[in-house]
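Report on one structure; see the data block that follows.
2 protein chains.
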Amino acid sequence: MLSFILMAANGLARTGTLSTAHGDIRTPAFMPVGTVATVKAMSVRAVAQTGADILLANTYHLMLRPGAERIARLGGLHRFMHWHKPILTDSGGFQVMSLSELRKISEEGVTFQSHIDGSTHSLTPERAMEIQQLLGSDIQMVFDECTPYPATEQQAAQSMQRSMRWAERSKRAFSPRDGYGVFGIVQGGVYPGLRAESVAALTGIGFDGYAIGGLAVGEGQGLMFGTLDVTCPHLPENRPRYLMGVGKPDDIIGAVLRGVDMFDCVIPTRAGRFARAYTAQGEMNMRNARFAEDAAPLEEICSCETCAHHSRAYLHHLFKAGEMLGPMLLTLHNLTFYQRLMQGLREAISAQNIAVFAGDFLGRYQGGEA
Amino acid sequence: MLSFILMAANGLARTGTLSTAHGDIRTPAFMPVGTVATVKAMSVRAVAQTGADILLANTYHLMLRPGAERIARLGGLHRFMHWHKPILTDSGGFQVMSLSELRKISEEGVTFQSHIDGSTHSLTPERAMEIQQLLGSDIQMVFDECTPYPATEQQAAQSMQRSMRWAERSKRAFSPRDGYGVFGIVQGGVYPGLRAESVAALTGIGFDGYAIGGLAVGEGQGLMFGTLDVTCPHLPENRPRYLMGVGKPDDIIGAVLRGVDMFDCVIPTRAGRFARAYTAQGEMNMRNARFAEDAAPLEEICSCETCAHHSRAYLHHLFKAGEMLGPMLLTLHNLTFYQRLMQGLREAISAQNIAVFAGDFLGRYQGGEA
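Okay, structure coming up:
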């Protein structure tokens, strides 16, 4: 069981605290992605410095290497990676579905071949829960089928209904412990009726939180927001809502305005490795020659070590020279930028000021290139 | 001018303090290599945490990218990389010599083609000094010709004599400022007479310190130590001695026992990127399967964050998964190990205990695999 306390709401946007065995998560929350038990290019101390309350790790990657049983023997994922705040794990469902050529789906679950060595593995709702418990995850996710986009309404319905049966099996396989929880995942593609049906099925089972899955898979921001508009109102008020795999700053703001509480995405970390900086003025490509003699920090107002100590010119140089410190410094900044955005959203909701905050941010942000 | 105060000697080994514009260097000192204005895989804060008093940067790489004049416009190398302790720069001589197919040597200097874009550049003693001053280096090195190994005595003599003429031009081109200095470089291959002649030429010119060049180029530890045996006694007592490009822990210990004060080498950083750990028991390849479930830290006694927080099993996993955090954590450890060795040497010399310290260390170290 996980406690979730809502502190304030402003329109549909909410701010609160989700409490787990490893501490509290202030919502709206952004979870950096630590795929294989490391947030790429970051020490765990640096991740904590960005202000992150929780990170996400991937069941699929960890079950293959180093293996869930091995991590359990080494004391669990928190100890393995020396991150003692909350961890949410996905169920592996999304990754195995995307192995298109390498997997076979049945009602029982999915058998697939490892992308690392071709060895055969299987994931079922029961095994996905077992692995996540072996990892010691604070928040487990049900094993589901991520409905591809586009899908016909019939395809989306069949896929969603299987996911609901798997959700029930996942919940049954989950071991309830104080401070640990399991989230259901709403599916149904871009079809409002199916989303409502999925929510009804999940709330009937009962979960600690509800994720909205199957979005950010190519449908575009308009359809994504539209789907949130027809899904969130059905979700229980007193449970956290998590939009999986989202997103860009403007995606996050739009989703918070529609009542979402939690997010994860590889964008800030991946961008950091590829020289893309996130700033309040928009995105900047640090390889661009205009930064070669720019002595200013990425952002004057940013509190990260990168901005405190280094110029845009230095970052430009590091990326041109292919030095690891470039990704290290820029990932630190991008994650700090994301956490500053979340902090801003939380404060704006508390101050009943979310519309102004969102308008100001999006106005300055220019939806892209700074 | 640089002040150098010897605090203690034990046999030929010495410990002291070399003072520069950016602070003091405790000798014997190991300088991590920050080739292109970054110690690979390390933040400058992490470099400082290892205990390093000084780092080395490469004139050759920096003159090509981002360019010495550009770094000067950005406030100098210390500010550019946010490292506010001393920096020693090499002269670029060693690198341009090794471009064999891409360079032409004359009495005036060397013209060469950039390994980055093929553009043509030249380095002369005067330009090498100018670049190092633009960078703001605390300790500049004369421009010299690194005599290849093997070389006949005649080849070594001619090469050394040219280096001595270049040393004189370098000294003349150096701008004396308080807290900044220039080191001469002894050449002469493995020929004792030539080494003595080179020392006489350099001391005749007069330098803030004396480097021993042209070693660690394939001659082996025996010939290297033999060359130190016949070179160090000629060097002035009251000036620091720097063995360039050395080396493994046992090389450093042997050289300190012969009177050397300063070292630089890419070994601990390069090893860190390639999964090789340095420990008091010897070297360990972290990719080795025997570490897969080893919950112990690399070294119980090590004070670095890697050893404080992470297991060998985690490091093994990071390298198997190709994660950047592996090189980051292992470079931090290896540099910390090297600095602990230097601290041990300094304390042993002060305590008149260097023979026992060296014997203990080398006995445990087993000259290689742990």
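For the protein sequence lines, the chains are D and Z, in the order given.
With the numbering used here, letter number 311 in the first sequence gets 311, and the count goes up by one each step, no holes.
With the numbering used here, letter number 125 in the second sequence gets 125, and the count goes up by one each step, no holes.
All C-beta atoms, glycine included, are put in the ideal place defined by N, C-alpha and C.
These numbers were taken from a predicted model, which means no experiment stands behind them.
Inset, instruction - Compute the Euclidean distance between the alpha carbons of LEU257/Z and GLU347/Z, then round it to the nearest angstrom. - result: 14 angstroms
Inset, instruction - Quick one: list the residues of chain D neighbouring GLU323/Z, beta-carbon separation under 7 angstroms, in chain order. - result: VAL36, THR38, LYS40
Inset, instruction - Compute the Euclidean distance between the alpha carbons of ARG276/Z and LEU332/D, then round it to the nearest angstrom. - result: 26 angstroms
Legend entry - For GLY181/Z, three-class secondary structure by DSSP: strand
Legend entry - Which of helix, strand or coil DSSP assigns to PHE174/Z: coil
Inset, instruction - Tell me, please, whether the CB atom of ALA57/Z is closer than 8 angstroms to any CB atom in chain D? - result: no
Legend entry - Contacts of LYS85/D in chain Z (Cβ-Cβ under 9 angstroms): None at all; the shortest Cβ gap to chain Z is about 14 angstroms.
Inset, instruction - Quick one: grab the DSSP three-state call for THR279/D. - result: strand
Inset, instruction - Could you tell me whether any Cβ in chain D is nearer than 8 angstroms to the Cβ of PHE80/Z? - result: yes
Inset, instruction - Please report how far the alpha carbon of ALA128/Z lies from the alpha carbon of MET1/Z, in whole angstroms. - result: 19 angstroms
Inset, instruction - Compute the distance between the beta-carbons of GLY209/Z and ARG172/Z, then report whether it is under 8 angstroms. - result: no
Inset, instruction - Taking only beta-carbon positions, decide if HIS115/Z is within less than 8 angstroms of chain D. - result: no
Inset, instruction - Give me the Cα-Cα distance between MET113/D and THR124/D, rounded to the nearest whole angstrom. - result: Here the sequence assigns Gln to residue 113/D, which means Met is not the residue at that position. Each residue's alpha carbon lies about 14 angstroms from the other.
Legend entry - Buried or exposed (CB count within 10 angstroms, at least 16 for buried), GLY218/D: exposed
Inset, instruction - Report the three-state DSSP secondary structure of ALA370/Z (helix, strand or coil). - result: coil
Inset, instruction - Compare the C-beta of HIS309/D with all C-beta atoms of chain Z and state if any pair is closer than 8 angstroms. - result: yes
Legend entry - Runs of beta strand (DSSP E) lying entirely within the region 97-147 of chain D, each at least 3 residues, in chain order: 103-105, 110-113, 120-123, 139-141
Legend entry - Backbone secondary structure at SER3/Z - three-state DSSP: strand
Legend entry - Cβ neighbour criterion (16 or more within 10 Å) applied to HIS61/D: buried
Legend entry - ASN334/D - DSSP class collapsed to helix/strand/coil: helix
Inset, instruction - Verify the CB distance criterion: does ALA52/D have a CB-CB separation below 8 angstroms to chain Z? - result: no
Inset, instruction - Report yes if the C-beta distance between VAL142/Z and SER175/Z is below 8 angstroms; otherwise report no. - result: no
Inset, instruction - On the DSSP bridge assignment, give the partners of MET284/D in chain order. - result: ALA277/D
Inset, instruction - Compare the Cα-Cα distances from PHE291/D to each of CYS302/D, TYR149/D, TYR314/D, GLU107/D and report the closest residue. - result: TYR314/D
Inset, instruction - Confirm, please, whether the CB-CB distance from ILE267/D to ASN10/D is below 8 angstroms. - result: no
Inset, instruction - Verify the CB distance criterion: does MET328/Z have a CB-CB separation below 8 angstroms to chain D? - result: yes
Legend entry - Closer than 8 angstroms to chain D by CB, ALA313/Z: yes
Inset, instruction - Out of ASP117/D, ILE87/D, GLU153/D, state which residue places its alpha-carbon closest to the alpha-carbon of GLN132/D. - result: ILE87/D
Legend entry - Neighbour list for ARG287/Z in chain D, Cβ cutoff strictly below 8 angstroms: Correct list: empty, because the minimum Cβ distance to chain D is about 13 angstroms.
Inset, instruction - Note the first and the last residue of the continuous alpha helix (DSSP H) segment covering ASP229/Z. - result: 220-231
Legend entry - Cross-strand partners of GLY23/D (DSSP beta bridge): THR20/D
Inset, instruction - Look up VAL199/D in the DSSP assignment and say whether it is helix, strand or coil. - result: helix
Inset, instruction - Taking ALA37/D as part of the beta strand (DSSP E), name the residues at either end of that continuous run. - result: That residue, ALA37/D, is in no beta strand (DSSP E); it is neither H nor E in DSSP.
Legend entry - Residues near LEU223/D in its chain [Cβ-Cβ closer than 7 angstroms; skip 5 each side]: VAL190
Legend entry - Which listed residue (LYS248/Z, ASN288/Z, ALA289/Z, GLY259/Z) has its alpha carbon closest to that of TYR278/Z: LYS248/Z
Inset, instruction - Starting from PRO297/Z, find everything on chain D with Cβ-Cβ shorter than 8 angstroms and list it in chain order. - result: What PRO297/Z touches in chain D: nothing, since even the nearest Cβ is about 11 angstroms away.
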